[in-house]
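Comments concern the structure below.
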């Protein structure tokens, strides 16, 4: 018997309840993991909001990320006692996720913990860190070396934005962070931002092509500001777009693309192939690992506190970790 936080629909109302669950026999290719850490992502909060329709079938155990130790395996690739972690692949929205004491996962979705990374660090990164790593990888492939490149990061103190600042600083970029909260300037600079600007200035209407300011952009906000940012990207520049916090639509002309050769690339961390995940998390454990990671804002809560934490709408900077054991 083990415990799980479960979304249940009763008479049209969705409730998050802590339930007792029984172990089921593993099918071929499945792995049972004793969860040590999970995290609270933006998508986890959406999953617990019935208006979002992120979860369409019930019951459902939220938690898009988790790390832990293999308890039992029906796949030769994993053995009991190995440290593993998982992000994405629909866990927490379409499959039972990490908000339970043990998870049954498909072996093809699990990663072994790389040397140089702890189970806790794997969840400090989580989906947010993977999205940031993918965004930085997009910029690196398009721009080459990022050293001394002028890179704009939007999203203020969200997990993707903070991890992007951390990574870009490690790679020598000149990072400008855009935030709606000027009180967070100290945190943004501590993680590596050289300049901090107000996000609203980016959304101001400009001519179809404005003065070139950015070699690259990591945008986690979307909305109308994305269209305005494109006007300020330098010749041959790259924009990695991964979010829609400010909206799902924007206006642009073809000029940034046909006159400056700008590339706009979307970043999806849910369905990215396992090999690519492995490559990026290996980098995060080695050459991309920053000494400033110790300054990354992390709030740690217990499994018992999870229900209350998910009910609080206010997001704190950085990452909230759930420590199960």
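In the working numbering, the protein residues as written are 821 to 1145.
Note that beta-carbon positions come from the ideal geometry of N, C-alpha and C, so glycine has one too.
Residue interval of the beta strand (DSSP E) (run including residue 1039) | Position 219 of the chain shown holds residue 1039. If you look at residue 1039, you'll find it in the beta strand (DSSP E) that goes 1034-1039.
Let me know the secondary structure DSSP gives residue 1088 once reduced to three states.
-> Counted from its first residue, the chain shown places residue 1088 at position 268. It is coil, neither helix nor strand.
Leaving out the 5 sequence neighbours to the left and right, which residues in its chain are closer than 8 Å to residue 1000 when beta-carbon positions are compared?
-> For the purposes of this step, residue 1000 is taken as the residue at position 180 of the chain shown. When the five nearest sequence neighbours on each side are left out, the beta carbons in the same chain lying within less than 8 Å of the beta carbon of residue 1000 are those of 976, 1018, 1019, 1020, in order along the chain.
Residue 839 (DSSP reduced to helix, strand or coil) = Walking along the chain shown from the start, residue 839 turns up at place 19. Of the three classes helix, strand and coil, the one that applies to residue 839 here is strand, per DSSP.
Residue of 930, 828, 1121 minimising C-alpha distance to residue 908 | On the chain shown, residue 908 is found 88 positions in, with the first residue counted as 1. The residue with the shortest Cα to Cα distance from residue 908 is 930.
Inter-residue CB distance, residue 1005 and residue 1016 (contact presumed, cutoff 8 Å) | Working through the chain shown from its first residue, we reach residue 1005 at position 185. Working through the chain shown from its first residue, we reach residue 1016 at position 196. Sure, about 5 Å apart at Cβ, within 8 Å.
Write down every uninterrupted run of the alpha helix (DSSP H) in the stretch 859-902 whose length is 4 residues or greater and which is fully enclosed by it, in chain order.
-> For the stretch 859-902, whole alpha helix (DSSP H) runs of length 4 or above, ordered along the chain, are 862-867.
Could you name the residues of the same chain whose beta carbon sits closer than 8 Å to that of residue 957, not counting the 5 residues immediately before and after it, in chain order?
-> Reading the chain shown from its first residue, position 137 is the one you call residue 957. So the qualifying residues of the chain are 1100.
Can you name the residues that DSSP bridges to residue 825?
-> Along the chain shown, one-based indexing puts residue 825 at 5. Its beta-bridge partners are 838.
Straight-line CA distance for residue 855 to residue 922?
-> The residue given as residue 855 occupies position 35 in the chain shown. The residue given as residue 922 occupies position 102 in the chain shown. Going by the C-alpha atoms only, they are around 5 Å apart.
Over what stretch of residues does the alpha helix (DSSP H) that includes residue 944 continue unbroken?
-> Taking the chain shown and counting its residues from 1, the one referred to as residue 944 is at position 124. Annotation for residue 944: the continuous alpha helix (DSSP H) segment containing it runs 939-963.
For residue 912 versus residue 874, is the C-beta distance shorter than 7 Å?
-> One-based indexing of the chain shown puts residue 912 at position 92. One-based indexing of the chain shown puts residue 874 at position 54. Between residue 912 and residue 874, the C-beta spacing is not below 7 Å.
Identify whether residue 848 lies in helix, strand or coil by the three-state DSSP scheme.
-> For the purposes of this step, residue 848 is taken as residue 28 along the chain shown, with counting starting at 1. Residue state, collapsed to three classes: coil.
Sequence ranges, beta strand (DSSP E) only - wholly within the stretch 989-1069, length at least 3 | Taking 3 residues as the shortest admissible run, the stretch 989-1069 contains the following complete beta strand (DSSP E) segments, listed from N- to C-terminal end: 994-999, 1015-1018, 1034-1039, 1053-1061.
Out of curiosity, what's the CA-to-CA distance linking residue 835 and residue 1044?
-> Your numbering for residue 835 matches position 15 in the chain shown. Your numbering for residue 1044 matches position 224 in the chain shown. Approximately 35 Å between the Cα atoms of the pair.
Pick from 1032, 1075, 1092, 969: whose alpha carbon is nearest that of residue 928?
-> Residue numbering aside, residue 928 sits at position 108 when the chain shown is read from its first letter. The option with the nearest alpha carbon to residue 928 is 1092.
Per the contact definition of three or more C-beta pairs closer than 8 Å, is the stretch 1076-1087 in contact with the stretch 986-1002?
-> No: the two stretches stay apart, fewer than three of their Cβ pairs being nearer than 8 Å.
Would you call the stretch 931-950 and the stretch 845-852 in contact, with 3 or more CB pairs under 8 Å?
-> No, because fewer than three Cβ pairs between the stretch 931-950 and the stretch 845-852 fall closer than 8 Å, the two stretches do not touch.
Given residue 963, which residues of its chain have a CB within under 8 Å of its CB, disregarding the five upstream and five downstream residues?
-> In the chain shown, the residue the question calls residue 963 occupies position 143. Contacts found: 969, 1035, 1036, 1056, 1057, 1058.
Would you give the residue range spanned by the beta strand (DSSP E) that residue 1129 belongs to?
-> Position 309 of the chain shown, counted from the first residue, corresponds to residue 1129. Run containing residue 1129: none in the beta strand (DSSP E); it sits in the alpha helix (DSSP H), 1126-1131.
Is the Cβ-Cβ distance between residue 881 and residue 920 less than 7 Å?
-> Residue 881 sits at position 61 when you count from the first residue of the chain shown. Residue 920 sits at position 100 when you count from the first residue of the chain shown. Residue 881 is a Cβ neighbour of residue 920, given a cutoff of 7 Å.
Decide yes or no for the touch test of the stretch 983-991 against the stretch 1046-1056: beta carbon pairs closer than 8 Å, at least 3 of them.
-> Verdict: no, contact absent.
In this structure, does DSSP put residue 984 in helix, strand or coil?
-> Stepping through the chain shown from its first residue, residue 984 is reached at position 164. Residue state for residue 984 is assigned as helix, using DSSP reduced to three classes.
Note down the Cα distance separating residue 862 from residue 1002, rounded to an integer number of angstroms.
-> As a working note, residue 862 is residue 42 in the chain shown. As a working note, residue 1002 is residue 182 in the chain shown. The straight-line gap separating the alpha-carbon atoms of residue 862 and residue 1002 is approximately 22 Å.
Inter-residue spacing [alpha-carbon to alpha-carbon] between residue 960 and residue 1070 | Counted from its first residue, the chain shown places residue 960 at position 140. Counted from its first residue, the chain shown places residue 1070 at position 250. Spanning the two alpha carbons is a distance of roughly 25 Å.
Using the Cα positions of residue 1008 and residue 866, report the straight-line distance between them to the nearest angstrom.
-> Position 188 of the chain shown, counted from the first residue, corresponds to residue 1008. Position 46 of the chain shown, counted from the first residue, corresponds to residue 866. Approximately 26 Å between the Cα atoms of the pair.
In angstroms, rounded to a whole number, what distance separates the CA positions of residue 894 and residue 846?
-> Against the chain shown, residue 894 aligns to sequence position 74. Against the chain shown, residue 846 aligns to sequence position 26. Those two C-alpha atoms are separated by around 6 Å.
Starting from residue 1111, follow its DSSP beta bridges and name the residues at the other end.
-> Sequence index remark: in the chain shown, residue 1111 carries index 291 (1-based). DSSP, once it has assigned bridges, lists no residue as partnering residue 1111.
Option in 906, 938, 1049 with minimal Cα separation from residue 998 = Locating residue 998 in the chain shown gives position 178, counting from the first residue. Taking only the C-alpha atoms, the option nearest residue 998 is 1049.
With DSSP collapsed to three states, give me the class of residue 1190.
-> As displayed, the chain neither begins before 821 nor continues past 1145, which places residue 1190 out of reach and without an answer.
In three-state DSSP terms, what is residue 1094?
-> Position 274 of the chain shown, counted from the start, is the residue given in the question as residue 1094. Three-state DSSP puts residue 1094 in a helix.
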